[in-house]
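S.K.:
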Amino acid sequence: MKTEIKNMTTEEIRNFLKNQKIGILSLSEKNSSYAIPLAYSYDGENIYLTMGQSGRKMECIKNNKNVCFVVYLMSPNPEGGMPTWESIICNGVLEHLTDPENLEKAVRSGEKHMGMPEGAWNGLLEKTLQAPETSGFWKIKIEEINGKQT
């Protein structure tokens with residue numbers, strides 16, 4: 662029996678992103694690509710990431726802020742057939758967050774998404790606000806998002 666692949670609705674995409682914790686960030690290098698798994702948070706509008714300020718990913722980002730972010734889940738089929746799956750592919754532009762308002766949004770989104778009480782990351786926020794240009798917080802400004810499921 663062939664499995665039907667369906668497009669996810671906007672609401673299904675939002676719910677899926679709110680319930681997952683890890684995605685794959687795909688970056689572009691000159692003659693190749695680079696992908697890394699990252700924890701993320703989602704506030705219904707933006708995808709927030711935290712990343713260190715050095716390494717291969719930063720070299721890629723310095724040259725090209727266009728990114729693709731993928732979140733997926735494969736689950737056993739309760740009827741014993743082929744596993745079911747859901748996947749989201751998001752294309753967008755990566756933005757380094759340095760202003761207090763966006764840094765606070767990212768921190769609050771992260772706390773909520775990870776099931777922590779509001780204020781749990783206040784120390785991190787305070788430290789970041791002391792030198793915001795070195796912030797490890799980023800936002801994917803979503804330009805296109807699609808989801809599929811079986």
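Residue numbers (the working numbering): 662 to 811. For every residue, glycine included, the Cβ atom is placed at its ideal position computed from N, Cα and C. Computed from a predicted structure; not experimentally measured.
#1: Could you spell out where the alpha helix (DSSP H) holding Q791 opens and where it closes?
#2: Report the residue ranges of all alpha helix (DSSP H) runs contained in full by the region 742-782; include only those spanning at least 4 residues, in chain order.
#3: Distance, Cα to Cα, L699 vs Q681?
#4: So, for E756: in the same chain, excluding its five sequence neighbours on each side, which residues have a beta-carbon less than 7 Å away from its beta-carbon?
#5: Below 8 Å between beta carbons: does that hold for L790 and L764?
#6: Compute the beta-carbon to beta-carbon distance between E673 and G808, rounded to the nearest angstrom, for a pair I have assumed lies under 8 Å.
#7: Have a look at the DSSP bridge pairing and note the partners of P698.
#8: Would A792 be called buried (16 or more neighbouring beta carbons within 10 Å of its own) or exposed?
#9: Mind reading off the beta-carbon distance from G784 to M712? Whole number of angstroms is fine, and I expect it under 8 Å.
#10: Here's the rule: buried if 16 or more other CB atoms are within 10 angstroms of the residue's CB, otherwise exposed. What is E794?
#11: From the DSSP secondary-structure annotation, give me the bridge partner or partners of S736.
#12: To the nearest angstrom, report how far apart P778 and R675 are at their CA atoms.
#13: Taking K809 as part of the alpha helix (DSSP H), name the residues at either end of that continuous run.
#14: Here's the rule I'm using: 16 or more other beta-carbon atoms within 10 Å means buried, otherwise exposed. How should E772 be labelled?
M.R.: Concretely, from the data shown:
#1: In the sequence shown, the residue the question calls residue 791 occupies position 130. Counting along the chain, the alpha helix (DSSP H) containing Q791 begins and ends at N783 to Q791.
#2: Contiguous alpha helix (DSSP H) elements confined to the region 742-782 occur at 761-774, taking only those with 4 or more residues.
#3: Along the sequence shown, one-based indexing puts residue 699 at 38. Along the sequence shown, one-based indexing puts residue 681 at 20. The C-alpha of Q681 is placed about 11 Å away from the C-alpha of L699.
#4: Your numbering for residue 756 matches position 95 in the sequence shown. So the qualifying residues of the chain are W799, K800 and K802.
#5: In the sequence shown, counting from the first residue as 1, residue 790 sits at position 129. In the sequence shown, counting from the first residue as 1, residue 764 sits at position 103. For L790 and L764, yes; Cβs fall inside 8 Å.
#6: Start at 1 with the first residue of the sequence shown, and residue 673 comes out as number 12. Start at 1 with the first residue of the sequence shown, and residue 808 comes out as number 147. Going by Cβ atoms, the distance from E673 to G808 rounds to 6 Å, so yes, they are a contact pair.
#7: Within the sequence shown, residue 698 is the residue found at index 37, counting from 1. P698 is bridged to I685.
#8: Counting from one through the sequence shown, the residue named residue 792 turns up at place 131. So A792 counts as exposed.
#9: Translated into positions along the sequence shown, residue 784 becomes position 123. Translated into positions along the sequence shown, residue 712 becomes position 51. Under the criterion of beta carbons closer than 8 Å, G784 and M712 do not qualify as touching, at roughly 19 Å.
#10: Reading the sequence shown from its first residue, position 133 is the one you call residue 794. The residue in question, E794, is exposed, as its Cβ has fewer than 16 Cβ neighbours within 10 Å.
#11: Along the sequence shown, read from residue 1 onward, the residue named residue 736 stands at position 75. Answer is T745.
#12: Taking the sequence shown and counting its residues from 1, one reaches residue 778 at position 117. Taking the sequence shown and counting its residues from 1, one reaches residue 675 at position 14. When rounded, the distance between both Cα atoms is 21 Å.
#13: On the sequence shown, residue 809 is found 148 positions in, with the first residue counted as 1. Counting along the chain, K809 falls outside any alpha helix (DSSP H), though it belongs to the beta strand (DSSP E) covering F798 to Q810.
#14: Residue numbering aside, residue 772 sits at position 111 when the sequence shown is read from its first letter. By the 10 Å Cβ count, E772 comes out buried.
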